[in-house]
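Worksheet: one structure, shown below.
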Amino acid sequence: MKKNKIMILGALLLTLVATSCHEDADPMVAYAFTDNQSWAEAEKSYAGKFRVFWKAMNQNYTLWDYEKECGLDWDEVYEKYLPKFEALDEPGTEVSDSVLKALMTEVVAPLHDGHMSVTFTNHQTKNNVRVSPGSKRFEERDDYKVAQGFSPDLRAYYMNNQLRHYQTYDCTVVGLLRRVALEKGLGLDWARTRLKELQNLSGLTDGELKEMVGLSGLVDALEKLFKKDITKAMVNEYNTIVTQYAYLNVPFLEPVNTAFVDYGIRIQYALTTDNIAYLNFSMFGLSTYLIDAYFNDMFPNATAREKEIRDHVQMIWNAWFDNIQKLHKSGQLNGVIIDVRSNPGGMINDARFVFGALMPAGDLQYGWARYKRGVGRYDYTPLMPKVSFTMENEHEIIDDKPIVVMANGFSVSMAEMTSLSAKVTKNATLIGKRTFGGLCALNDNSNFSDYYAGHIGVSGETPVYVYLPTECIFDIDKKPLDGIGVTPDIEVDFNEEQFKATGNDSQFDRALEFIRTGK
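Just so we're aligned, residue 83 is where the sequence shown starts under my numbering, counting upward by one.
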(Lines of atoms letter the chains of each structure in order from A; the text may use other names.)
(Lines give C-alpha, C1' and ligand atoms only; values in the text may rest on other atoms or scores of the structure.)
Protein backbone atom coordinates (compact mmCIF):
# COMPACT_ATOMS: atom_id res chain seq x y z
CA MET A 83 0.00 0.00 0.00
CA LYS A 84 1.18 3.56 -0.64
CA LYS A 85 2.24 5.65 2.33
CA ASN A 86 0.27 8.70 1.31
CA LYS A 87 -3.25 7.38 1.42
CA ILE A 88 -5.65 9.04 3.82
CA MET A 89 -7.65 5.92 4.63
CA ILE A 90 -5.73 2.68 4.82
CA LEU A 91 -7.50 -0.45 5.96
CA GLY A 92 -4.50 -2.32 7.32
CA ALA A 93 -4.36 -2.98 11.04
CA LEU A 94 -1.88 -3.05 13.88
CA LEU A 95 -2.53 -5.25 16.90
CA LEU A 96 -2.10 -3.05 19.95
CA THR A 97 -2.61 -4.76 23.30
CA LEU A 98 -3.94 -2.67 26.15
CA VAL A 99 -3.23 -2.95 29.84
CA ALA A 100 -6.47 -3.90 31.53
CA THR A 101 -7.79 -1.86 34.40
CA SER A 102 -10.97 -1.89 36.41
CA CYS A 103 -10.44 1.69 37.55
CA HIS A 104 -9.02 4.79 35.94
CA GLU A 105 -6.96 6.55 38.58
CA ASP A 106 -4.19 6.84 35.97
CA ALA A 107 -6.45 8.81 33.60
CA ASP A 108 -3.82 11.42 32.76
CA PRO A 109 -0.46 9.88 33.81
CA MET A 110 -1.00 6.83 31.59
CA VAL A 111 1.05 3.67 31.52
CA ALA A 112 2.38 2.52 28.16
CA TYR A 113 0.92 -0.28 26.07
CA ALA A 114 2.00 -3.79 27.04
CA PHE A 115 2.44 -5.49 23.69
CA THR A 116 2.82 -8.99 25.14
CA ASP A 117 -0.06 -8.88 27.62
CA ASN A 118 -3.27 -10.35 26.20
CA GLN A 119 -5.22 -10.08 29.43
CA SER A 120 -7.39 -7.15 28.32
CA TRP A 121 -8.30 -8.77 24.99
CA ALA A 122 -9.19 -11.97 26.83
CA GLU A 123 -11.59 -10.07 29.08
CA ALA A 124 -13.10 -8.24 26.09
CA GLU A 125 -13.77 -11.55 24.33
CA LYS A 126 -16.39 -12.49 26.93
CA SER A 127 -17.38 -9.24 28.68
CA TYR A 128 -19.15 -6.09 27.51
CA ALA A 129 -17.55 -4.17 30.37
CA GLY A 130 -14.19 -5.53 29.20
CA LYS A 131 -14.81 -4.19 25.73
CA PHE A 132 -15.73 -0.79 27.12
CA ARG A 133 -12.57 -0.66 29.27
CA VAL A 134 -10.37 -1.51 26.27
CA PHE A 135 -12.07 1.18 24.19
CA TRP A 136 -12.04 3.82 26.93
CA LYS A 137 -8.36 3.42 27.71
CA ALA A 138 -7.36 3.22 24.04
CA MET A 139 -9.13 6.51 23.42
CA ASN A 140 -7.66 8.05 26.55
CA GLN A 141 -4.13 7.32 25.34
CA ASN A 142 -4.50 7.91 21.62
CA TYR A 143 -7.28 10.33 20.69
CA THR A 144 -6.08 13.55 19.06
CA LEU A 145 -8.88 15.94 20.08
CA TRP A 146 -9.08 15.80 23.88
CA ASP A 147 -8.40 19.50 24.44
CA TYR A 148 -11.13 20.40 21.94
CA GLU A 149 -13.55 17.91 23.48
CA LYS A 150 -12.88 19.49 26.87
CA GLU A 151 -13.68 22.94 25.43
CA CYS A 152 -16.94 21.44 24.14
CA GLY A 153 -17.80 20.24 27.64
CA LEU A 154 -16.96 16.53 27.42
CA ASP A 155 -15.36 14.95 30.50
CA TRP A 156 -13.89 11.57 29.52
CA ASP A 157 -13.56 10.51 33.16
CA GLU A 158 -17.26 11.14 33.68
CA VAL A 159 -17.96 9.02 30.61
CA TYR A 160 -16.15 6.15 32.33
CA GLU A 161 -18.07 6.58 35.59
CA LYS A 162 -21.41 6.87 33.79
CA TYR A 163 -21.13 4.08 31.25
CA LEU A 164 -19.03 1.36 32.88
CA PRO A 165 -21.97 0.33 35.12
CA LYS A 166 -24.23 0.21 32.05
CA PHE A 167 -21.87 -2.15 30.26
CA GLU A 168 -21.42 -4.19 33.44
CA ALA A 169 -25.20 -4.58 33.57
CA LEU A 170 -25.07 -6.25 30.16
CA ASP A 171 -22.78 -8.86 31.71
CA GLU A 172 -25.32 -9.87 34.35
CA PRO A 173 -26.15 -13.61 34.10
CA GLY A 174 -29.19 -14.28 31.95
CA THR A 175 -29.11 -10.90 30.23
CA GLU A 176 -29.79 -11.18 26.51
CA VAL A 177 -27.93 -8.49 24.55
CA SER A 178 -29.11 -7.95 21.00
CA ASP A 179 -27.01 -6.09 18.45
CA SER A 180 -29.46 -3.18 18.53
CA VAL A 181 -29.18 -2.87 22.34
CA LEU A 182 -25.38 -2.92 22.17
CA LYS A 183 -25.33 -0.43 19.28
CA ALA A 184 -27.61 1.99 21.11
CA LEU A 185 -25.34 2.02 24.17
CA MET A 186 -22.17 2.35 22.07
CA THR A 187 -23.77 5.23 20.17
CA GLU A 188 -24.48 7.06 23.42
CA VAL A 189 -20.81 6.80 24.35
CA VAL A 190 -19.34 8.05 21.06
CA ALA A 191 -22.02 10.58 20.06
CA PRO A 192 -20.35 13.60 21.76
CA LEU A 193 -16.96 12.94 20.06
CA HIS A 194 -16.06 15.15 17.12
CA ASP A 195 -13.59 13.08 15.09
CA GLY A 196 -15.39 12.53 11.81
CA HIS A 197 -13.24 9.60 10.69
CA MET A 198 -13.16 7.41 13.76
CA SER A 199 -15.36 4.36 14.14
CA VAL A 200 -15.69 1.78 16.89
CA THR A 201 -16.55 -1.90 16.48
CA PHE A 202 -17.41 -4.29 19.29
CA THR A 203 -17.96 -7.98 18.62
CA ASN A 204 -21.17 -9.00 20.33
CA HIS A 205 -20.03 -12.28 21.86
CA GLN A 206 -23.65 -13.40 22.27
CA THR A 207 -24.63 -13.01 18.61
CA LYS A 208 -21.10 -13.28 17.13
CA ASN A 209 -21.86 -10.18 15.02
CA ASN A 210 -19.70 -7.06 14.72
CA VAL A 211 -21.47 -3.88 15.84
CA ARG A 212 -20.06 -0.64 14.46
CA VAL A 213 -20.78 2.97 15.43
CA SER A 214 -19.33 6.29 14.31
CA PRO A 215 -19.89 9.77 15.75
CA GLY A 216 -19.45 11.30 12.29
CA SER A 217 -22.19 9.15 10.79
CA LYS A 218 -24.50 10.02 13.66
CA ARG A 219 -23.97 13.75 13.12
CA PHE A 220 -24.42 13.40 9.36
CA GLU A 221 -27.77 11.65 9.80
CA GLU A 222 -29.02 14.62 11.81
CA ARG A 223 -28.32 17.15 9.04
CA ASP A 224 -31.07 18.60 6.88
CA ASP A 225 -29.17 17.68 3.69
CA TYR A 226 -28.48 14.08 4.78
CA LYS A 227 -30.85 12.36 2.36
CA VAL A 228 -29.86 14.55 -0.57
CA ALA A 229 -26.10 14.18 -0.09
CA GLN A 230 -26.02 10.46 0.69
CA GLY A 231 -25.38 8.53 -2.46
CA PHE A 232 -25.64 11.63 -4.69
CA SER A 233 -23.82 11.45 -7.99
CA PRO A 234 -23.42 14.58 -10.16
CA ASP A 235 -24.65 14.11 -13.72
CA LEU A 236 -24.31 16.73 -16.47
CA ARG A 237 -25.91 14.76 -19.30
CA ALA A 238 -28.92 17.11 -19.43
CA TYR A 239 -26.60 20.09 -20.02
CA TYR A 240 -24.93 18.23 -22.88
CA MET A 241 -28.28 17.29 -24.42
CA ASN A 242 -29.35 20.95 -24.18
CA ASN A 243 -26.20 22.08 -26.03
CA GLN A 244 -24.78 23.90 -23.01
CA LEU A 245 -21.61 21.80 -23.08
CA ARG A 246 -19.04 21.74 -25.84
CA HIS A 247 -17.33 18.62 -24.50
CA TYR A 248 -18.67 15.94 -22.18
CA GLN A 249 -16.97 12.68 -21.20
CA THR A 250 -17.74 10.25 -18.39
CA TYR A 251 -16.53 6.82 -17.34
CA ASP A 252 -17.45 4.56 -14.45
CA CYS A 253 -15.09 1.82 -13.24
CA THR A 254 -16.62 1.36 -9.83
CA VAL A 255 -17.78 -2.20 -9.18
CA VAL A 256 -21.37 -1.04 -9.53
CA GLY A 257 -20.55 0.71 -12.80
CA LEU A 258 -18.76 -2.31 -14.25
CA LEU A 259 -21.60 -4.66 -13.31
CA ARG A 260 -24.18 -2.27 -14.76
CA ARG A 261 -22.29 -2.31 -18.02
CA VAL A 262 -22.54 -6.11 -18.12
CA ALA A 263 -26.24 -5.95 -17.24
CA LEU A 264 -27.40 -3.10 -19.47
CA GLU A 265 -25.04 -2.18 -22.32
CA LYS A 266 -26.14 -3.19 -25.79
CA GLY A 267 -23.89 -5.68 -27.54
CA LEU A 268 -22.05 -6.73 -24.38
CA GLY A 269 -22.50 -9.12 -21.50
CA LEU A 270 -26.09 -10.09 -20.82
CA ASP A 271 -27.48 -8.43 -23.96
CA TRP A 272 -24.99 -10.26 -26.19
CA ALA A 273 -25.75 -13.57 -24.48
CA ARG A 274 -29.51 -13.12 -24.95
CA THR A 275 -29.09 -12.24 -28.64
CA ARG A 276 -26.80 -15.19 -29.33
CA LEU A 277 -29.13 -17.56 -27.44
CA LYS A 278 -32.10 -16.50 -29.61
CA GLU A 279 -30.00 -17.03 -32.75
CA LEU A 280 -29.19 -20.58 -31.71
CA GLN A 281 -32.77 -21.31 -30.68
CA ASN A 282 -33.95 -20.29 -34.15
CA LEU A 283 -31.50 -22.59 -35.92
CA SER A 284 -32.41 -26.10 -37.00
CA GLY A 285 -29.98 -29.00 -37.00
CA LEU A 286 -27.59 -27.70 -34.37
CA THR A 287 -24.11 -29.14 -34.24
CA ASP A 288 -22.88 -30.66 -31.01
CA GLY A 289 -20.83 -27.51 -30.37
CA GLU A 290 -23.81 -25.23 -30.99
CA LEU A 291 -26.02 -27.34 -28.74
CA LYS A 292 -23.47 -27.14 -25.96
CA GLU A 293 -23.22 -23.36 -26.48
CA MET A 294 -27.01 -22.96 -26.39
CA VAL A 295 -27.32 -24.91 -23.14
CA GLY A 296 -24.51 -22.90 -21.62
CA LEU A 297 -25.97 -19.57 -22.73
CA SER A 298 -29.35 -20.52 -21.34
CA GLY A 299 -27.78 -21.18 -17.94
CA LEU A 300 -25.73 -17.99 -18.09
CA VAL A 301 -28.67 -15.78 -19.03
CA ASP A 302 -30.77 -17.28 -16.26
CA ALA A 303 -28.00 -16.79 -13.68
CA LEU A 304 -27.30 -13.18 -14.68
CA GLU A 305 -30.98 -12.24 -14.86
CA LYS A 306 -31.50 -13.58 -11.34
CA LEU A 307 -28.44 -11.73 -10.09
CA PHE A 308 -29.38 -8.41 -11.69
CA LYS A 309 -33.01 -8.50 -10.58
CA LYS A 310 -31.71 -7.07 -7.31
CA ASP A 311 -30.17 -3.62 -7.01
CA ILE A 312 -26.61 -3.81 -8.27
CA THR A 313 -24.21 -3.42 -5.34
CA LYS A 314 -20.56 -3.95 -4.43
CA ALA A 315 -21.58 -7.06 -2.52
CA MET A 316 -22.50 -8.79 -5.80
CA VAL A 317 -18.95 -9.00 -7.10
CA ASN A 318 -18.07 -12.41 -5.67
CA GLU A 319 -21.33 -13.99 -6.85
CA TYR A 320 -20.85 -12.41 -10.26
CA ASN A 321 -17.26 -13.67 -10.50
CA THR A 322 -18.43 -17.21 -9.69
CA ILE A 323 -20.91 -17.07 -12.58
CA VAL A 324 -18.25 -15.69 -14.93
CA THR A 325 -15.82 -18.47 -14.05
CA GLN A 326 -18.48 -21.12 -14.58
CA TYR A 327 -19.35 -19.86 -18.06
CA ALA A 328 -15.96 -18.54 -19.18
CA TYR A 329 -15.83 -21.10 -22.03
CA LEU A 330 -18.63 -19.21 -23.82
CA ASN A 331 -16.36 -16.19 -24.49
CA VAL A 332 -19.14 -13.63 -24.01
CA PRO A 333 -17.88 -10.08 -24.75
CA PHE A 334 -17.10 -8.10 -21.57
CA LEU A 335 -17.99 -11.09 -19.41
CA GLU A 336 -14.79 -11.20 -17.35
CA PRO A 337 -14.17 -11.43 -13.61
CA VAL A 338 -14.19 -8.05 -11.85
CA ASN A 339 -11.00 -7.52 -9.89
CA THR A 340 -12.00 -6.97 -6.26
CA ALA A 341 -9.51 -4.08 -6.16
CA PHE A 342 -12.22 -2.07 -7.92
CA VAL A 343 -14.32 -2.38 -4.75
CA ASP A 344 -11.94 0.06 -3.03
CA TYR A 345 -10.27 1.83 -5.96
CA GLY A 346 -12.84 1.97 -8.74
CA ILE A 347 -13.91 5.52 -9.52
CA ARG A 348 -16.47 7.40 -11.59
CA ILE A 349 -15.00 10.40 -13.42
CA GLN A 350 -16.72 13.16 -15.40
CA TYR A 351 -15.31 16.02 -17.48
CA ALA A 352 -17.21 18.80 -19.20
CA LEU A 353 -16.44 22.04 -20.98
CA THR A 354 -19.20 24.61 -21.29
CA THR A 355 -19.78 26.53 -24.50
CA ASP A 356 -18.17 29.57 -22.84
CA ASN A 357 -15.05 27.60 -21.80
CA ILE A 358 -15.59 26.75 -18.14
CA ALA A 359 -13.82 23.44 -17.43
CA TYR A 360 -15.51 21.01 -15.02
CA LEU A 361 -14.11 17.92 -13.27
CA ASN A 362 -15.94 15.49 -11.00
CA PHE A 363 -14.78 12.16 -9.59
CA SER A 364 -16.42 9.87 -7.06
CA MET A 365 -13.40 9.46 -4.77
CA PHE A 366 -9.77 10.50 -4.55
CA GLY A 367 -8.29 7.53 -6.36
CA LEU A 368 -6.96 9.19 -9.51
CA SER A 369 -3.36 8.31 -8.64
CA THR A 370 -4.20 4.64 -9.12
CA TYR A 371 -4.83 5.33 -12.80
CA LEU A 372 -2.47 8.23 -13.49
CA ILE A 373 0.71 6.83 -11.92
CA ASP A 374 2.07 3.53 -13.23
CA ALA A 375 3.60 2.51 -9.90
CA TYR A 376 0.25 2.92 -8.16
CA PHE A 377 -1.60 1.00 -10.85
CA ASN A 378 0.91 -1.85 -10.76
CA ASP A 379 0.62 -1.99 -6.99
CA MET A 380 -3.18 -2.17 -7.02
CA PHE A 381 -3.44 -4.37 -10.13
CA PRO A 382 -0.37 -6.63 -10.33
CA ASN A 383 -0.40 -8.68 -13.55
CA ALA A 384 -3.15 -6.44 -14.90
CA THR A 385 -5.35 -7.89 -17.62
CA ALA A 386 -5.94 -6.19 -20.95
CA ARG A 387 -9.41 -5.13 -19.70
CA GLU A 388 -7.94 -3.57 -16.54
CA LYS A 389 -5.40 -1.64 -18.61
CA GLU A 390 -8.23 -0.50 -20.88
CA ILE A 391 -10.08 0.81 -17.81
CA ARG A 392 -6.96 2.67 -16.69
CA ASP A 393 -6.60 4.22 -20.14
CA HIS A 394 -10.23 5.44 -20.07
CA VAL A 395 -9.72 7.23 -16.75
CA GLN A 396 -6.45 8.74 -17.98
CA MET A 397 -8.14 9.93 -21.17
CA ILE A 398 -10.85 11.82 -19.29
CA TRP A 399 -8.48 13.45 -16.79
CA ASN A 400 -6.15 14.40 -19.67
CA ALA A 401 -9.07 15.98 -21.54
CA TRP A 402 -9.80 18.21 -18.52
CA PHE A 403 -6.17 19.12 -17.88
CA ASP A 404 -5.08 19.55 -21.50
CA ASN A 405 -8.01 21.80 -22.36
CA ILE A 406 -7.30 23.99 -19.34
CA GLN A 407 -3.69 24.31 -20.54
CA LYS A 408 -4.67 25.12 -24.12
CA LEU A 409 -7.48 27.53 -23.28
CA HIS A 410 -5.52 29.41 -20.62
CA LYS A 411 -2.51 29.85 -22.90
CA SER A 412 -4.79 31.30 -25.59
CA GLY A 413 -6.64 33.54 -23.12
CA GLN A 414 -9.95 31.75 -23.67
CA LEU A 415 -10.41 29.98 -20.34
CA ASN A 416 -13.15 31.57 -18.24
CA GLY A 417 -13.05 29.41 -15.15
CA VAL A 418 -12.65 25.99 -13.56
CA ILE A 419 -15.08 23.94 -11.45
CA ILE A 420 -13.89 21.06 -9.25
CA ASP A 421 -16.87 19.08 -7.98
CA VAL A 422 -16.19 17.03 -4.82
CA ARG A 423 -19.82 16.66 -3.75
CA SER A 424 -20.50 13.32 -2.03
CA ASN A 425 -16.81 12.45 -2.41
CA PRO A 426 -15.67 10.42 0.64
CA GLY A 427 -11.96 11.18 0.21
CA GLY A 428 -9.04 8.86 -0.48
CA MET A 429 -5.46 9.41 -1.58
CA ILE A 430 -3.51 12.47 -0.47
CA ASN A 431 -1.36 12.30 -3.59
CA ASP A 432 -4.39 13.05 -5.77
CA ALA A 433 -4.17 16.70 -4.72
CA ARG A 434 -1.50 17.32 -7.34
CA PHE A 435 -3.89 16.17 -10.08
CA VAL A 436 -6.88 18.21 -8.92
CA PHE A 437 -6.59 21.59 -7.16
CA GLY A 438 -2.81 21.29 -7.23
CA ALA A 439 -2.89 21.03 -11.03
CA LEU A 440 -3.97 24.68 -11.09
CA MET A 441 -1.49 25.98 -8.51
CA PRO A 442 2.24 26.81 -8.63
CA ALA A 443 4.72 24.09 -7.70
CA GLY A 444 5.83 24.08 -4.09
CA ASP A 445 2.70 22.81 -2.33
CA LEU A 446 -0.10 24.86 -0.76
CA GLN A 447 -0.58 25.32 2.96
CA TYR A 448 -4.26 25.08 3.79
CA GLY A 449 -4.05 24.50 7.54
CA TRP A 450 -2.15 22.97 10.44
CA ALA A 451 -1.68 19.47 11.86
CA ARG A 452 -0.46 17.80 15.01
CA TYR A 453 0.12 14.24 16.23
CA LYS A 454 0.07 12.37 19.50
CA ARG A 455 3.56 12.22 21.01
CA GLY A 456 2.92 10.05 24.06
CA VAL A 457 0.26 8.08 25.88
CA GLY A 458 -0.74 10.90 28.21
CA ARG A 459 -4.14 12.28 27.38
CA TYR A 460 -2.82 15.69 26.29
CA ASP A 461 0.54 14.62 24.86
CA TYR A 462 0.45 16.38 21.49
CA THR A 463 3.08 17.74 19.14
CA PRO A 464 3.14 21.46 18.34
CA LEU A 465 1.07 22.54 15.35
CA MET A 466 2.89 22.04 12.06
CA PRO A 467 2.01 23.42 8.61
CA LYS A 468 -0.35 21.14 6.67
CA VAL A 469 0.07 21.32 2.91
CA SER A 470 -1.67 20.02 -0.16
CA PHE A 471 0.52 18.67 -2.96
CA THR A 472 0.78 20.71 -6.14
CA MET A 473 1.89 19.69 -9.60
CA GLU A 474 5.66 19.88 -10.07
CA ASN A 475 5.72 19.57 -13.85
CA GLU A 476 5.51 22.77 -15.87
CA HIS A 477 1.87 23.77 -16.26
CA GLU A 478 -0.41 26.79 -16.51
CA ILE A 479 -1.02 28.59 -13.19
CA ILE A 480 -4.70 29.48 -12.90
CA ASP A 481 -4.46 32.55 -10.66
CA ASP A 482 -6.29 35.01 -12.91
CA LYS A 483 -9.54 33.12 -13.50
CA PRO A 484 -12.20 32.05 -10.99
CA ILE A 485 -11.94 28.56 -9.54
CA VAL A 486 -14.97 27.05 -7.85
CA VAL A 487 -14.90 24.00 -5.60
CA MET A 488 -18.33 22.44 -5.09
CA ALA A 489 -18.97 20.48 -1.88
CA ASN A 490 -21.84 19.11 0.17
CA GLY A 491 -22.59 17.34 3.44
CA PHE A 492 -20.99 14.09 2.30
CA SER A 493 -17.74 15.66 1.11
CA VAL A 494 -15.24 14.06 3.48
CA SER A 495 -11.51 13.96 4.19
CA MET A 496 -9.57 14.81 1.00
CA ALA A 497 -12.71 16.48 -0.35
CA GLU A 498 -12.62 18.74 2.71
CA MET A 499 -8.90 19.39 2.32
CA THR A 500 -9.64 20.46 -1.25
CA SER A 501 -12.36 22.72 0.14
CA LEU A 502 -9.86 24.25 2.59
CA SER A 503 -7.44 24.80 -0.31
CA ALA A 504 -10.14 26.88 -1.98
CA LYS A 505 -10.61 28.87 1.22
CA VAL A 506 -6.96 29.99 1.24
CA THR A 507 -6.68 30.75 -2.50
CA LYS A 508 -7.59 34.30 -3.52
CA ASN A 509 -9.31 33.42 -6.82
CA ALA A 510 -11.10 30.30 -5.49
CA THR A 511 -14.59 30.05 -3.99
CA LEU A 512 -16.32 27.22 -2.15
CA ILE A 513 -19.96 26.73 -3.19
CA GLY A 514 -22.58 24.29 -1.93
CA LYS A 515 -23.21 23.05 1.60
CA ARG A 516 -21.09 22.63 4.72
CA THR A 517 -18.87 19.55 4.44
CA PHE A 518 -18.98 16.40 6.58
CA GLY A 519 -16.44 17.30 9.27
CA GLY A 520 -13.96 14.44 8.97
CA LEU A 521 -10.56 15.99 8.35
CA CYS A 522 -8.37 14.19 10.89
CA ALA A 523 -6.39 11.65 8.90
CA LEU A 524 -5.12 8.09 9.28
CA ASN A 525 -1.95 7.46 7.30
CA ASP A 526 0.25 4.37 7.31
CA ASN A 527 0.96 3.52 10.93
CA SER A 528 3.23 0.51 10.87
CA ASN A 529 5.20 1.87 13.82
CA PHE A 530 2.92 2.70 16.74
CA SER A 531 5.62 4.59 18.65
CA ASP A 532 5.82 7.19 15.87
CA TYR A 533 2.35 8.55 16.51
CA TYR A 534 0.81 6.89 19.57
CA ALA A 535 -2.36 6.56 17.59
CA GLY A 536 -3.97 4.65 14.78
CA HIS A 537 -5.79 1.34 14.55
CA ILE A 538 -6.68 -0.20 17.90
CA GLY A 539 -6.96 -3.94 17.48
CA VAL A 540 -7.41 -5.79 14.21
CA SER A 541 -10.55 -5.36 12.15
CA GLY A 542 -12.54 -8.58 12.06
CA GLU A 543 -10.27 -10.34 14.56
CA THR A 544 -10.11 -8.63 17.94
CA PRO A 545 -13.27 -8.09 20.05
CA VAL A 546 -12.66 -4.34 19.93
CA TYR A 547 -11.50 -2.45 16.86
CA VAL A 548 -11.14 1.31 16.66
CA TYR A 549 -10.36 3.10 13.41
CA LEU A 550 -8.61 6.11 14.88
CA PRO A 551 -6.85 8.91 12.95
CA THR A 552 -3.20 9.60 13.67
CA GLU A 553 -3.22 13.34 13.10
CA CYS A 554 -5.54 16.20 13.93
CA ILE A 555 -5.99 18.80 11.21
CA PHE A 556 -6.91 22.46 11.80
CA ASP A 557 -7.82 25.19 9.34
CA ILE A 558 -5.48 28.08 8.51
CA ASP A 559 -6.78 29.97 11.56
CA LYS A 560 -5.85 26.99 13.76
CA LYS A 561 -9.44 26.02 14.43
CA PRO A 562 -10.44 22.32 14.51
CA LEU A 563 -13.19 21.51 12.02
CA ASP A 564 -13.88 17.86 12.82
CA GLY A 565 -17.50 17.34 13.66
CA ILE A 566 -18.23 20.72 12.08
CA GLY A 567 -17.01 20.78 8.49
CA VAL A 568 -15.89 23.49 6.10
CA THR A 569 -18.44 26.27 5.59
CA PRO A 570 -18.98 27.34 1.95
CA ASP A 571 -18.41 30.91 0.83
CA ILE A 572 -21.73 30.71 -1.00
CA GLU A 573 -24.29 28.33 0.46
CA VAL A 574 -26.67 26.74 -2.04
CA ASP A 575 -29.24 24.03 -1.42
CA PHE A 576 -29.52 21.19 -3.90
CA ASN A 577 -32.93 21.12 -5.57
CA GLU A 578 -33.52 17.38 -5.78
CA GLU A 579 -36.97 17.67 -7.38
CA GLN A 580 -35.62 19.87 -10.16
CA PHE A 581 -32.70 17.51 -10.73
CA LYS A 582 -34.97 14.48 -11.06
CA ALA A 583 -37.43 16.29 -13.32
CA THR A 584 -35.10 18.13 -15.68
CA GLY A 585 -31.51 17.13 -14.90
CA ASN A 586 -30.72 20.71 -13.93
CA ASP A 587 -28.37 20.98 -10.95
CA SER A 588 -29.08 24.05 -8.77
CA GLN A 589 -25.61 24.02 -7.19
CA PHE A 590 -23.83 23.64 -10.54
CA ASP A 591 -25.99 26.45 -11.96
CA ARG A 592 -24.93 28.70 -9.07
CA ALA A 593 -21.27 27.89 -9.70
CA LEU A 594 -21.67 28.85 -13.36
CA GLU A 595 -23.45 32.06 -12.38
CA PHE A 596 -20.65 33.03 -10.01
CA ILE A 597 -17.93 32.41 -12.59
CA ARG A 598 -19.83 34.35 -15.26
CA THR A 599 -20.88 37.33 -13.12
CA GLY A 600 -18.54 37.37 -10.12
CA LYS A 601 -21.61 37.42 -7.88
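Where a beta carbon is used, it is the ideal one built from N, C-alpha and C, also for glycine.
For the set 402, 330, 375, the Cα lying nearest the Cα of residue 439 is the one of 402. One Cα belongs to residue 287, the other to residue 275, and the distance between them is close to 18 Å.
Across the set 222, 331, 314, the C-alpha of 331 shows the shortest separation from the C-alpha of residue 268. With contacts defined by Cβ atoms closer than 8 Å, residue 193 and residue 215 form a contacting pair.
At the C-beta level, residue 395 and residue 554 stay beyond 8 Å of one another. Between the alpha carbons of residue 483 and residue 507 lies a distance of about 12 Å.
Ranked by Cα distance from residue 364, the first of 427, 149, 259 is 427.
The beta-carbon separation of residue 229 and residue 577, rounded to 13 Å, does not stay under the 8 Å limit for a contact.
Scanning 278, 142, 217, 471 for the CA closest to the CA of residue 493 turns up 217. Residue environment analysis places residue 472 among the buried positions, since at least 16 neighbouring C-beta atoms fall within 10 angstroms of its C-beta. According to the DSSP assignment, residue 358 belongs to the beta strand (DSSP E) that extends over 358-363.
Listed as beta-bridge partners of residue 199 by DSSP are 549.
Residue 324 sits buried, since 16 or more C-beta atoms from the chains shown fall within 10 Å of its C-beta. The stretch 534-553 makes contact with the stretch 438-457: 3 or more CB pairs, one atom from each, lie closer than 8 Å. Around the CB of residue 388, 16 or more other CB atoms lie within 10 Å, so the residue is classed as buried. The criterion of a C-beta distance shorter than 8 Å is not satisfied by residue 540 and residue 510.
As for any beta strand (DSSP E) of minimum length 3 sitting wholly inside the stretch 547-583, the runs are 553-557, ordered along the chain. Residue 244 sits in coil when the DSSP states are folded into three classes, being neither helix nor strand.
Look at residue 523 here: in three-state DSSP terms it is strand.
Out of 179, 336, 196, 159, the CA that lies nearest to the CA of residue 566 is found in 196.
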